[in-house]
Amino acid sequence: METQTLTPDSVGYAHAASILGAGGLVAFPTETVYGLGADARNDFAVARIFEAKGRPRFNPLIVHVPDAATAKRYVIWDDGADRIASAFWPGPLTLVLPLRPDSGLSPLVTADLPTLAIRVPAHPVARALLAEFDGPVAAPSANPSGRISPTEAGHVIAGLAGRIEAVVDGGPCDVGVESTILGLSDTPKLLRPGGLPQEALEAALGTGLSHYQDGDPLSAPGQMLSHYAPGASVRLNATRISKGERLLGFGAVENATLNLSPAGDLTEAAANLFHHLHALDKSGDAPIAVSPIPEVGLGRAINDRLRRAAAPRH
Ligand code: TXA
Ligand code: MG
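Read in order, the letters of the sequence shown are residues 759 to 1072 in this note's numbering.
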């Protein structure tokens, strides 16, 4: 199959929506990363997402909808969800809520869990595609499972060309790390740090958030330890580099091969993270050393991704 690149205009959206309607796969930009979309009601289409990515079937998908009113068709809603959704949707936040028995979604989406991860993206291209398709779109990040997430159409093509029908090219993603995942089916729990800082959620909830731990059976099943991995090895918290290493810098450091943010700005660093990891991956296999990054705000999501990039591979 030849993967088509579509333009973000009415012709492109119409074409993308007709591919989705026919059970095909279309990658599209969100403000976080590019997603690999399929009709969430169509078993065959959802199964193709797992095949194209080489993703284990036990790892459930996020469903994308245009607004909270539509989300209520698929999940059991409550006041807590309402408060958080009105504060942060559309935006880089996914909510995990009890799945409605009459949702009509493919059971492959939730990997048979009683809960559903659901999100309202803010990116204009994602919103236009959702409006044109007029149905729930299941979309994991548009990368081969375990590899670096895509923040540009070129990254999607490099990883998935020949396995998906199309990608809508909407340019680079602004946020650059995946959505924050908040579990609300029980006591509020942070399931994945991401593009919405934990501090903002805690301020809205008026309480601290407990974290999942690796190995916690209640955590996001996709939080595998090795993930986001470039070909080269990755070493964290490097304050100096050894011979032969390439430095992925942060802040005012010398000899960086690439710098996430010379000014030490975490928003800029998040936007550059996957871009720089892809660039380092393409340009050789010398080991990568990464400068320390503060564990606050978006730094938590950046460090989470880097720890997984550095973890032993399986
Ligand atoms: O920013 C994002 O969230 C991007 C864009 C495309 O929306 N999507 C994304 O999807 O990052 P993915 O599949 O790469 O990551 C989804 C995560 C996985 O770790 C998965 O295990 C978790 O969400 N997840 C999905 N459904 C869940 C559920 N019912 N309960 C707990 N975790 C869930
Ligand atoms: Mg992913």
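A virtual CB, placed ideally from N, CA and C, is assigned to each residue, including glycine.
Quick check: does the Cβ of residue i come within less than 7 Å of any heavy atom belonging to ligand 2?
i	result
residue 898	yes
residue 910	no
residue 937	no
residue 907	yes
Can you tell me which residues form a DSSP beta bridge with residue i?
i	result
residue 947	941, 968
residue 899	793
residue 873	856
residue 786	793
residue 926	764
residue 820	875
residue 851	938
Here's the rule I'm using: 16 or more other beta-carbon atoms within 10 Å means buried, otherwise exposed. How should residue i be labelled?
i	result
residue 802	exposed
residue 769	exposed
residue 844	exposed
residue 936	buried
residue 923	buried
residue 864	buried
residue 1001	exposed
residue 787	buried
residue 995	exposed
What do you reckon, is the C-beta of residue i under 7 Å from a heavy atom of ligand 1?
i	result
residue 842	no
residue 859	no
residue 913	no
residue 1050	no
residue 820	yes
residue 1042	no
residue 788	yes
residue 1069	no
residue 1029	no
residue 1010	no
Which residue marks the beginning of the alpha helix (DSSP H) containing residue i, and which one marks its end?
i	result
residue 912	911 to 918
residue 906	It is not in any alpha helix (DSSP H) - residue 906 carries neither H nor E in the DSSP assignment.
Discussion item. Check whether the stretch 814 to 831 and the stretch 951 to 960 are in contact - that is, three or more C-beta pairs closer than 8 Å.
Written reply: Pairwise C-beta distances place the stretch 814 to 831 out of contact with the stretch 951 to 960, as fewer than three of them are shorter than 8 Å.
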